[in-house]
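Report on the following structure.
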Amino acid sequence: MTALPTRKLEAFRYADIDALASVWPSLAPPVRVEIAAQQKLQQIWLPSGDDVDVRRFDVVLEAGASANFFALNTASRFGRIELDVTLHEGAEFEFDAANIGGGNSTLEVVTTVRHVEPNATSRQTVRSVLAGKAIGSYLGKVAVSRGADGTDSEQSVKAMLLARGATANAKPELEIYADDVKCAHGATVGELDREQLFYAAARGLDPAGARALLLEGFVGGLWDGIEGDDRGIADAARVALKAIA
(Lines of atoms letter the chains of each structure in order from A and count residues from 1; the text may use other names and numbers.)
(Lines give C-alpha, C1' and ligand atoms only; values in the text may rest on other atoms or scores of the structure.)
Protein backbone atom coordinates (compact mmCIF):
# COMPACT_ATOMS: atom_id res chain seq x y z
CA MET A 1 0.00 0.00 0.00
CA THR A 2 1.34 3.42 -0.93
CA ALA A 3 1.59 6.29 1.51
CA LEU A 4 -1.59 8.00 2.63
CA PRO A 5 -2.34 10.87 0.22
CA THR A 6 -2.52 14.47 1.37
CA ARG A 7 -4.56 17.44 0.19
CA LYS A 8 -1.55 18.61 -1.79
CA LEU A 9 -2.68 16.07 -4.40
CA GLU A 10 -5.38 17.56 -6.61
CA ALA A 11 -7.54 14.43 -6.46
CA PHE A 12 -7.65 14.66 -2.64
CA ARG A 13 -7.87 18.42 -2.13
CA TYR A 14 -11.32 18.22 -0.50
CA ALA A 15 -11.03 14.75 1.06
CA ASP A 16 -11.43 13.95 4.75
CA ILE A 17 -7.91 12.63 5.20
CA ASP A 18 -8.48 11.52 8.81
CA ALA A 19 -11.45 9.42 7.73
CA LEU A 20 -9.50 8.06 4.79
CA ALA A 21 -6.66 7.07 7.11
CA SER A 22 -9.04 4.85 9.08
CA VAL A 23 -9.57 2.57 6.05
CA TRP A 24 -6.43 3.18 4.00
CA PRO A 25 -4.47 0.12 5.25
CA SER A 26 -7.32 -2.19 4.21
CA LEU A 27 -8.08 -0.68 0.81
CA ALA A 28 -7.49 -3.00 -2.12
CA PRO A 29 -6.36 -1.78 -5.56
CA PRO A 30 -9.14 -0.36 -7.74
CA VAL A 31 -11.62 -2.92 -9.05
CA ARG A 32 -10.80 -3.66 -12.68
CA VAL A 33 -13.78 -3.67 -15.05
CA GLU A 34 -13.14 -4.62 -18.67
CA ILE A 35 -15.91 -4.43 -21.25
CA ALA A 36 -15.18 -6.35 -24.42
CA ALA A 37 -15.67 -4.93 -27.89
CA GLN A 38 -19.33 -4.38 -28.80
CA GLN A 39 -20.51 -5.51 -25.36
CA LYS A 40 -22.80 -3.56 -23.01
CA LEU A 41 -22.74 -3.23 -19.22
CA GLN A 42 -25.06 -1.60 -16.69
CA GLN A 43 -23.68 -1.20 -13.18
CA ILE A 44 -25.47 0.17 -10.10
CA TRP A 45 -23.52 1.09 -6.96
CA LEU A 46 -25.47 1.47 -3.75
CA PRO A 47 -23.98 2.72 -0.46
CA SER A 48 -22.41 0.07 1.74
CA GLY A 49 -23.92 1.52 4.90
CA ASP A 50 -20.49 2.11 6.43
CA ASP A 51 -19.72 5.57 7.82
CA VAL A 52 -16.55 5.58 5.69
CA ASP A 53 -17.23 4.20 2.22
CA VAL A 54 -14.48 4.37 -0.42
CA ARG A 55 -14.98 2.73 -3.81
CA ARG A 56 -12.41 2.73 -6.60
CA PHE A 57 -12.79 1.41 -10.15
CA ASP A 58 -10.55 1.14 -13.19
CA VAL A 59 -12.76 0.71 -16.27
CA VAL A 60 -11.72 -0.11 -19.84
CA LEU A 61 -14.17 -0.05 -22.74
CA GLU A 62 -12.91 -1.72 -25.89
CA ALA A 63 -14.00 -0.66 -29.38
CA GLY A 64 -17.76 -0.21 -29.67
CA ALA A 65 -18.45 -1.17 -26.04
CA SER A 66 -20.93 0.76 -23.92
CA ALA A 67 -21.42 1.21 -20.18
CA ASN A 68 -24.00 2.92 -17.98
CA PHE A 69 -22.94 3.37 -14.35
CA PHE A 70 -25.22 4.69 -11.59
CA ALA A 71 -23.92 5.57 -8.13
CA LEU A 72 -25.34 6.85 -4.84
CA ASN A 73 -22.96 8.33 -2.27
CA THR A 74 -24.47 8.85 1.21
CA ALA A 75 -21.82 7.84 3.77
CA SER A 76 -22.41 9.53 7.12
CA ARG A 77 -18.74 10.50 7.57
CA PHE A 78 -16.78 10.14 4.33
CA GLY A 79 -17.87 8.73 0.99
CA ARG A 80 -15.62 8.66 -2.06
CA ILE A 81 -16.17 7.22 -5.53
CA GLU A 82 -13.13 7.08 -7.81
CA LEU A 83 -13.40 6.22 -11.48
CA ASP A 84 -10.63 5.93 -14.05
CA VAL A 85 -12.17 5.16 -17.44
CA THR A 86 -10.42 4.44 -20.75
CA LEU A 87 -12.46 4.62 -23.96
CA HIS A 88 -11.37 2.97 -27.19
CA GLU A 89 -12.79 3.66 -30.64
CA GLY A 90 -16.52 4.22 -30.73
CA ALA A 91 -17.05 3.34 -27.07
CA GLU A 92 -19.90 4.96 -25.12
CA PHE A 93 -19.76 5.75 -21.41
CA GLU A 94 -22.44 7.29 -19.18
CA PHE A 95 -22.13 7.99 -15.47
CA ASP A 96 -24.92 9.29 -13.22
CA ALA A 97 -24.21 9.91 -9.55
CA ALA A 98 -25.63 11.66 -6.50
CA ASN A 99 -24.01 12.91 -3.31
CA ILE A 100 -26.66 13.19 -0.57
CA GLY A 101 -25.55 14.10 2.93
CA GLY A 102 -25.98 16.13 6.08
CA GLY A 103 -24.25 16.59 9.40
CA ASN A 104 -20.48 16.72 8.97
CA SER A 105 -20.27 14.27 6.08
CA THR A 106 -17.78 14.67 3.24
CA LEU A 107 -18.90 13.17 -0.07
CA GLU A 108 -16.93 13.21 -3.29
CA VAL A 109 -16.90 11.88 -6.79
CA VAL A 110 -13.52 11.88 -8.55
CA THR A 111 -13.30 10.79 -12.18
CA THR A 112 -10.79 10.63 -14.99
CA VAL A 113 -12.16 9.75 -18.41
CA ARG A 114 -9.55 9.05 -21.08
CA HIS A 115 -10.56 9.23 -24.74
CA VAL A 116 -7.63 7.41 -26.35
CA GLU A 117 -9.15 6.57 -29.76
CA PRO A 118 -11.58 8.29 -32.15
CA ASN A 119 -15.35 8.68 -31.99
CA ALA A 120 -15.99 7.73 -28.36
CA THR A 121 -18.61 9.49 -26.24
CA SER A 122 -18.84 10.16 -22.52
CA ARG A 123 -21.58 11.72 -20.42
CA GLN A 124 -21.21 12.48 -16.71
CA THR A 125 -24.06 13.86 -14.60
CA VAL A 126 -23.52 14.51 -10.89
CA ARG A 127 -26.03 16.01 -8.45
CA SER A 128 -25.34 16.92 -4.82
CA VAL A 129 -27.86 17.68 -2.08
CA LEU A 130 -26.18 18.93 1.08
CA ALA A 131 -27.51 19.89 4.50
CA GLY A 132 -25.90 20.75 7.85
CA LYS A 133 -22.16 21.21 7.39
CA ALA A 134 -21.84 18.58 4.69
CA ILE A 135 -19.29 18.95 1.90
CA GLY A 136 -19.99 17.58 -1.57
CA SER A 137 -17.38 17.60 -4.32
CA TYR A 138 -16.93 16.60 -7.92
CA LEU A 139 -13.48 16.57 -9.52
CA GLY A 140 -13.72 15.32 -13.08
CA LYS A 141 -11.05 15.30 -15.75
CA VAL A 142 -11.65 14.45 -19.39
CA ALA A 143 -8.41 13.74 -21.25
CA VAL A 144 -8.54 13.55 -25.05
CA SER A 145 -5.43 11.99 -26.60
CA ARG A 146 -3.84 12.94 -29.91
CA GLY A 147 -5.70 11.21 -32.70
CA ALA A 148 -8.93 10.82 -30.71
CA ASP A 149 -10.85 12.90 -33.24
CA GLY A 150 -14.62 12.78 -33.09
CA THR A 151 -14.65 12.72 -29.28
CA ASP A 152 -17.96 13.86 -27.77
CA SER A 153 -17.86 14.50 -24.03
CA GLU A 154 -20.08 16.30 -21.53
CA GLN A 155 -19.98 16.96 -17.78
CA SER A 156 -23.01 18.35 -15.93
CA VAL A 157 -22.61 19.19 -12.24
CA LYS A 158 -25.30 20.75 -10.02
CA ALA A 159 -25.55 21.13 -6.26
CA MET A 160 -28.40 22.09 -3.96
CA LEU A 161 -27.47 23.59 -0.57
CA LEU A 162 -30.05 23.24 2.20
CA ALA A 163 -28.09 25.07 4.91
CA ARG A 164 -25.64 27.94 5.16
CA GLY A 165 -22.96 25.67 6.53
CA ALA A 166 -23.04 23.23 3.59
CA THR A 167 -20.38 23.44 0.88
CA ALA A 168 -20.29 22.32 -2.74
CA ASN A 169 -17.11 22.06 -4.81
CA ALA A 170 -17.02 21.44 -8.55
CA LYS A 171 -13.94 21.21 -10.75
CA PRO A 172 -14.69 19.86 -14.24
CA GLU A 173 -11.51 19.83 -16.33
CA LEU A 174 -10.71 19.30 -20.00
CA GLU A 175 -7.34 18.31 -21.44
CA ILE A 176 -7.58 18.13 -25.23
CA TYR A 177 -4.85 17.17 -27.70
CA ALA A 178 -7.06 16.32 -30.69
CA ASP A 179 -8.92 18.28 -33.35
CA ASP A 180 -12.57 17.96 -34.32
CA VAL A 181 -13.89 17.24 -30.84
CA LYS A 182 -16.99 18.35 -28.94
CA CYS A 183 -16.41 18.76 -25.22
CA ALA A 184 -18.57 20.72 -22.78
CA HIS A 185 -18.96 21.12 -19.05
CA GLY A 186 -21.17 23.12 -16.72
CA ALA A 187 -21.49 23.56 -12.95
CA THR A 188 -24.09 25.36 -10.83
CA VAL A 189 -24.81 25.70 -7.10
CA GLY A 190 -28.15 26.89 -5.75
CA GLU A 191 -30.88 26.66 -3.13
CA LEU A 192 -34.46 25.44 -3.20
CA ASP A 193 -36.81 27.79 -5.01
CA ARG A 194 -39.01 29.56 -2.43
CA GLU A 195 -41.87 29.98 -4.88
CA GLN A 196 -41.89 26.26 -5.62
CA LEU A 197 -41.88 25.52 -1.88
CA PHE A 198 -44.81 27.90 -1.39
CA TYR A 199 -46.71 26.26 -4.25
CA ALA A 200 -46.16 22.79 -2.77
CA ALA A 201 -47.23 23.99 0.69
CA ALA A 202 -50.35 25.55 -0.81
CA ARG A 203 -51.28 22.10 -2.12
CA GLY A 204 -51.27 20.68 1.41
CA LEU A 205 -47.71 19.41 1.83
CA ASP A 206 -45.93 20.09 5.11
CA PRO A 207 -42.57 21.92 4.80
CA ALA A 208 -40.46 18.76 5.10
CA GLY A 209 -42.62 16.94 2.58
CA ALA A 210 -42.46 19.84 0.15
CA ARG A 211 -38.68 20.00 0.39
CA ALA A 212 -38.36 16.23 -0.07
CA LEU A 213 -40.59 16.32 -3.15
CA LEU A 214 -38.58 19.08 -4.82
CA LEU A 215 -35.28 17.42 -3.97
CA GLU A 216 -36.48 14.12 -5.37
CA GLY A 217 -37.20 15.92 -8.62
CA PHE A 218 -33.71 17.41 -8.56
CA VAL A 219 -31.96 14.02 -8.48
CA GLY A 220 -34.67 11.70 -9.77
CA GLY A 221 -33.75 12.11 -13.43
CA LEU A 222 -30.41 10.46 -12.77
CA TRP A 223 -32.04 7.06 -12.66
CA ASP A 224 -34.19 7.35 -15.79
CA GLY A 225 -31.63 5.46 -17.87
CA ILE A 226 -31.73 2.32 -15.73
CA GLU A 227 -32.85 -0.65 -17.77
CA GLY A 228 -35.00 -3.33 -16.20
CA ASP A 229 -36.77 -3.32 -12.82
CA ASP A 230 -33.76 -2.53 -10.62
CA ARG A 231 -34.95 0.72 -9.01
CA GLY A 232 -33.40 0.14 -5.59
CA ILE A 233 -31.08 3.09 -6.06
CA ALA A 234 -34.05 5.42 -6.56
CA ASP A 235 -35.65 4.16 -3.35
CA ALA A 236 -32.36 4.56 -1.44
CA ALA A 237 -31.96 8.11 -2.75
CA ARG A 238 -35.51 8.95 -1.69
CA VAL A 239 -34.83 7.72 1.86
CA ALA A 240 -31.57 9.71 2.05
CA LEU A 241 -33.32 12.87 0.86
CA LYS A 242 -36.11 12.57 3.41
CA ALA A 243 -33.51 12.21 6.15
CA ILE A 244 -32.00 15.63 5.41
CA ALA A 245 -35.01 17.53 4.04
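Reminder that position 184 of the sequence shown reads as 184 in full-length UniProt numbering, one-by-one numbering, no gaps. We put the CB at the ideal spot given by N, CA and C, even for glycine.
Can you check which of these residues, the options, is closest to residue i by C-alpha distance?
i, options, result
"residue 115", "87, 135 and 215", "87"
"residue 113", "205, 107, 106 and 122", "122"
"residue 103", "125, 84, 90 and 78", "78"
"residue 58", "83, 185 and 35", "83"
"residue 136", "41, 81, 91 and 208", "81"
"residue 30", "13, 54, 40 and 10", "54"
"residue 138", "172, 149 and 105", "172"
"residue 40", "217, 188 and 63", "63"
"residue 174", "223, 124 and 205", "124"
"residue 193", "210, 230, 180 and 150", "210"
"residue 231", "20, 180, 70 and 60", "70"
"residue 118", "177, 33 and 217", "177"
"residue 179", "185, 150, 205 and 17", "150"
"residue 52", "218, 186, 76 and 240", "76"
"residue 108", "208, 17, 195 and 236", "17"
"residue 170", "28, 126 and 244", "126"
"residue 216", "34, 237, 187 and 60", "237"
"residue 191", "205, 214 and 206", "214"
"residue 120", "235, 43, 72 and 37", "37"
"residue 147", "89, 166 and 20", "89"
"residue 20", "65, 220, 5 and 85", "5"
"residue 189", "91, 66, 61 and 218", "218"
Can you round the beta-carbon distance between residue i and residue j to whole angstroms, since I take them to be within the 8 angstroms contact cut?
i, j, result
"residue 111", "residue 95", "7 angstroms"
"residue 163", "residue 128", "Contact flag wrong, Cβ pair sits at about 13 angstroms."
"residue 225", "residue 68", "6 angstroms"
"residue 251", "residue 242", "Residue 251 cannot be examined here, being either before or after the span of the chain that is shown, 1 to 245."
"residue 246", "residue 15", "In the structure displayed, the chain extends from 1 to 245; residue 246 sits before or after that span and is not available."
"residue 130", "residue 168", "6 angstroms"
"residue 244", "residue 100", "7 angstroms"
"residue 259", "residue 132", "Here the chain covers residues 1 to 245 and nothing more, so residue 259 does not appear."
Bridge partners for residue i per DSSP, in chain order?
i, result
"residue 4", "None, per the DSSP bridge assignment."
"residue 182", "152"
"residue 32", "58"
"residue 216", "Residue 216 is not bridged to any residue."
"residue 44", "70"
"residue 174", "142"
"residue 187", "157"
"residue 39", "None; residue 39 has no bridge partner."
"residue 122", "93 and 153"
Following a CB-centred definition, is residue i positioned closer than 7 angstroms to any heavy atom of the ligand GDP?
i, result
"residue 89", "This structure simply doesn't include the ligand GDP, nor any ligand for that matter."
Contiguous alpha helix (DSSP H) assignments of at least 4 residues, all confined to the stretch 47 to 116: none
Touching by the beta-carbon criterion (3+ pairs, under 8 angstroms), the stretch 147 to 159 and the stretch 23 to 39: The stretch 147 to 159 is not in contact with the stretch 23 to 39.
Segment contact flag, the stretch 39 to 58 with the stretch 136 to 145, C-beta cutoff 8 angstroms, min 3 pairs: no
Segments of 4+ residues assigned as alpha helix (DSSP H) that fall wholly inside the stretch 128 to 172: Counting only runs of at least 4 residues, the stretch 128 to 172 fully encloses no alpha helix (DSSP H) element at all.
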